[in-house]
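Read the sequence shown against the UniProt record's numbering and you will find it ends at 535, with the numbers running on by one and no gaps.
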Amino acid sequence: MTHGQRASDEPTRLPGPLRLAVRVRSRAGIRLTLTLLSVVLVLAPLAVSIGLVVVILHRSLMSSLESQVALRAYDLSALVSDDGVEAINSEAAGHDRDGATIQVLDAAGAVVATTTTRSQNQPLSALRPEVGATQIEGKPSLPLPGEEGRPPVVAARGLMHAGQQYTVLVSMSSAPQHEAVSTTGAVLTAALPVVLLAAGGATWLLVGRALRPVERIRETVETITSRHLASRVPVSGADDEISRLAETMNRMLVRLERSQEEQRRFVADASHELRSPLTSLRGGLQVMDGDPEAAAELMPVMAAEVDRLARLVDDLLTLSKSDDGAGPVVERLEVDVDDIVAAESARLAATGRCNVQTAITPARVLGDSLQLARVVRNLADNAARAAAGTVRFVVTTTPTQQPTQQPTQQPGDKEATRRATRAMVQVRVEDDGAGVAPEHRMRIFERFVRLDDARSRDRGGSGLGLAIVAEIVRAHDGRVHVEQSELGGAAFVIDLPSAQPQLPPQSQLPSLPAPGAPYSAAGSGGEDAASSTRR
Numbered sequence: 001m002t003h004g005q006r007a008s009d010e011p012t013r014l015p016g017p018l019r020l021a022v023r024v025r026s027r028a029g030i031r032l033t034l035t036l037l038s039v040v041l042v043l044a045p046l047a048v049s050i051g052l053v054v055v056i057l058h059r060s061l062m063s064s065l066e067s068q069v070a071l072r073a074y075d076l077s078a079l080v081s082d083d084g085v086e087a088i089n090s091e092a093a094g095h096d097r098d099g100a101t102i103q104v105l106d107a108a109g110a111v112v113a114t115t116t117t118r119s120q121n122q123p124l125s126a127l128r129p130e131v132g133a134t135q136i137e138g139k140p141s142l143p144l145p146g147e148e149g150r151p152p153v154v155a156a157r158g159l160m161h162a163g164q165q166y167t168v169l170v171s172m173s174s175a176p177q178h179e180a181v182s183t184t185g186a187v188l189t190a191a192l193p194v195v196l197l198a199a200g201g202a203t204w205l206l207v208g209r210a211l212r213p214v215e216r217i218r219e220t221v222e223t224i225t226s227r228h229l230a231s232r233v234p235v236s237g238a239d240d241e242i243s244r245l246a247e248t249m250n251r252m253l254v255r256l257e258r259s260q261e262e263q264r265r266f267v268a269d270a271s272h273e274l275r276s277p278l279t280s281l282r283g284g285l286q287v288m289d290g291d292p293e294a295a296a297e298l299m300p301v302m303a304a305e306v307d308r309l310a311r312l313v314d315d316l317l318t319l320s321k322s323d324d325g326a327g328p329v330v331e332r333l334e335v336d337v338d339d340i341v342a343a344e345s346a347r348l349a350a351t352g353r354c355n356v357q358t359a360i361t362p363a364r365v366l367g368d369s370l371q372l373a374r375v376v377r378n379l380a381d382n383a384a385r386a387a388a389g390t391v392r393f394v395v396t397t398t399p400t401q402q403p404t405q406q407p408t409q410q411p412g413d414k415e416a417t418r419r420a421t422r423a424m425v426q427v428r429v430e431d432d433g434a435g436v437a438p439e440h441r442m443r444i445f446e447r448f449v450r451l452d453d454a455r456s457r458d459r460g461g462s463g464l465g466l467a468i469v470a471e472i473v474r475a476h477d478g479r480v481h482v483e484q485s486e487l488g489g490a491a492f493v494i495d496l497p498s499a500q501p502q503l504p505p506q507s508q509l510p511s512l513p514a515p516g517a518p519y520s521a522a523g524s525g526g527e528d529a530a531s532s533t534r535r
């Protein structure tokens with residue numbers, strides 16, 4: 001079964017009122033749907049209630065009638081038993097009073113006394129109870145005048161008089177009871193449309209009032225375009241779902257506006273960065289066209305511009321992948337971070353741009369060596385551009401205490417519970433430059449952010465290096481931040497999970513000397529290496 005078939009079959013699995021609401025909802029709005037649904041939900045219990053009222057009222061009235069007829073038969077049987085059959089004639093007046101019809105039958109079933117003139121020889125019922133017993137029948141054999149279709153209730157009671165057995169029959173019409181039930185049902189049924197109309201009208205008004213803020217939100221959102229995101233939807237003062245919806249919409253609009261602004265800035269900055277090397281290349285080609293002998297002098301410059309253009313395009317591609325949610329592709333292999341930092345510090349020292357200090361201990365993480373090398377290089381180049389004269393590289397491994405239960409621990413053995421340490425590798429790249437103000441320490445990892453635009457562009461910075469650092473570190477389950485360095489400038493700190501699950505308790509972390517003092521770097525074999533101050 002396809003998804004479309006499942007979707008089409010879904011309404012048939014719902015209860016009747018909900019299935020009707022789903023069908024109506026597909027053709028009408030929420031207001032009409034809720035109104036019709038409320039009418040259906042009110043109609044169902046009201047109809048059931050009316051039916052129950054009619055049934056209960058009918059049973060109650062008929063039960064009362066049966067009790068009345070049985071009591072009248074009891075009284076008459078006592079009268080006949082004491083005074084004889086002739087006493088029935090005195091009950092003719094009672095017939096006019098309560099509408100009862102009375103007959104007295106002998107042992108053979110013949111009518112010996114009656115209060116009706118019609119069919120005097122035909123008994124009202126075939127009931128023949130024993131002496132002292134009472135029987136009740138709802139359908140007499142003799143239809144009374146004007147009572148067709150509404151059977152009377154007949155009570156029969158046996159008695160003895162002067163040694164003879166008699167039966168007293170008392171019949172009362174059920175027409176008043178049926179009339180009361182019919183009238184009650186008619187009144188309730190007539191009132192049902194009024195109640196439904198009131199319920200539907202109230203629901204229509206209440207839903208309309210509740211949806212009025214939603215309609216205002218819709219009208220406001222309708223006027224918002226991709227070029228004008230500054231509008232905001234109105235928020236009522238009430239703390240309800242509609243207000244929270246409006247606040248959520250406003251927060252979404254703020255995010256969209258910020259994203260649009262970042263996109264515009266990104267496009268503008270990217271265009272500027274791409275224009276600079278292209279302008280240099282075009283100028284070089286024009287010079288070479290007019291002076292072919294200048295080719296040898298311009299080729300290194302043009303090659304550097306091509307490399308700069310290639311790096312910029314590569315950086316833009318990396319960031320665009322992170323926007324799509326893909327992020328940098330990371331291989332989970334064991335990488336010696338200390339080797340990467342040592343190689344990068346040696347490269348920077350070889351340029352002679354600044355003094356390089358190192359304090360490196362062996363550290364290994366799970367990750368991509370090329371991506372991590374890119375991170376360290378970006379931070380090194382950034383530090384070199386900002387440094388007044390010194391750049392420091394530090395690699396340490398710090399434990400983070402976390403309680404874990406060892407596999408050899410027995411249940412209930414608290415002594416066997418030990419604390420394993422999960423190591424974190426920390427890489428610090430510091431400089432002695434102007435540093436980063438606290439209010440800019442989060443923004444500096446955004447794209448094309450330069451705290452000193454002119455200096456950064458003059459020294460080859462594109463404003464994408466730190467953004468790429470943040471993306472790569474995040475892909476390695478790490479974190480990066482900037483703080484104040486002891487050298488006086490900025491310290492970019494990266495924390496990555498170590499590939500070693502436990503750190504030996506006797507491990508000693510290197511102590512950092514004061515600014516300007518030589519640094520000692522522990523070698524991978526545990527021996528102390530000579531301090532390196534490179535120029």
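All C-beta atoms, glycine included, are put in the ideal place defined by N, C-alpha and C.
Legend entry - 3 or more residues per run - each beta strand (DSSP E) lying fully within the segment 131-214: Fully enclosed beta strand (DSSP E) runs of 3 or longer: 134-137, 153-161 and 164-172.
Legend entry - Nearest neighbour of L57, chosen from S171, V181, E241 and R428 [CA to CA]: In this structure, V181 is the residue among S171, V181, E241 and R428 with its C-alpha nearest to the C-alpha of L57.
Inset, instruction - Check whether the segment 365-377 touches the segment 331-347, taking contact to mean three or more Cβ pairs, one atom from each stretch, closer than 8 angstroms. - result: Taking a cut-off of 8 angstroms on C-beta distances, the segment 365-377 touches the segment 331-347, as three or more cross pairs fall below it.
Inset, instruction - Compute the distance between the beta-carbons of L281 and M252, then report whether it is under 8 angstroms. - result: Taking 8 angstroms as the Cβ cut-off, L281 and M252 do not qualify as a contacting pair.
Legend entry - At least three beta-carbon pairs within less than 8 angstroms, the segment 478-496 to the segment 425-435: Taking a contact to require three or more Cβ pairs closer than 8 angstroms, the segment 478-496 and the segment 425-435 qualify as touching.
Legend entry - T33 - containing alpha helix (DSSP H), residue span: For T33, the enclosing alpha helix (DSSP H) begins and ends at I30 to D83.
Legend entry - 8 angstroms Cβ cutoff met for M424 and D495: Yes, the pair counts as a contact, with Cβ atoms nearer than the cut-off.
Legend entry - Distance between S38 and A475 (C-alpha atoms, nearest Å): The alpha-carbon atoms of A475 and S38 are separated by roughly 53 angstroms.
Legend entry - Span separating the alpha-carbon of L169 from that of G201: Their Cα atoms are separated by approximately 56 angstroms.
Legend entry - Runs of alpha helix (DSSP H) wholly within the segment 251-327 (minimum 4 residues, chain order): You should have 295-323.
Inset, instruction - Take V112 as the anchor and find which of A126, E130, L188 and E86 has the nearest alpha-carbon. - result: Checked all of A126, E130, L188 and E86; the closest Cα to V112 is E86.
Legend entry - Residues sharing a beta bridge with Q500, DSSP: Beta-bridge pairing links Q500 to no other residue.
Legend entry - Distance CB(I360)-CB(V391) smaller than 8 angstroms: No; because the gap between Cβ atoms is not below 8 angstroms, this pair is not in contact.
Inset, instruction - Check each candidate in E261, L65, T116 and L159 and name the one with the smallest Cα separation from G84. - result: Comparing alpha-carbon positions, the option among E261, L65, T116 and L159 lying closest to G84 turns out to be L159.
Legend entry - DSSP state of I217 mapped onto helix, strand, coil: DSSP, read as helix, strand or coil, puts I217 in helix.
Inset, instruction - Inspect the beta-carbon positions of S125 and P151 and report whether they are closer than 8 angstroms. - result: Between S125 and P151, the CB-CB gap reaches or exceeds 8 angstroms.
Legend entry - Sub-8 angstroms separation of A380 and V429 beta-carbons: Yes, they are a contact pair.
Inset, instruction - Using only alpha-carbon positions, find the residue among L36, V54, D239 and V254 that is nearest to H228. - result: Distances from the CA of H228 to each of L36, V54, D239 and V254 were compared; the closest alpha carbon is that of V254.
Legend entry - Inter-stretch contact at 8 angstroms, needing at least 3 Cβ pairs: the segment 311-320 / the segment 464-479: With a cut-off of 8 angstroms on Cβ pairs, the segment 311-320 is in contact with the segment 464-479, counting three or more such pairs.
Inset, instruction - Can you say whether R447 is buried or exposed, counting buried as having 16 or more other CB atoms within 10 angstroms of its CB? - result: Result: buried.
Inset, instruction - Classify D431 as buried or exposed, calling it buried when 16 or more other Cβ atoms lie within 10 Å of its own Cβ. - result: Per the 10 Å Cβ criterion, buried.
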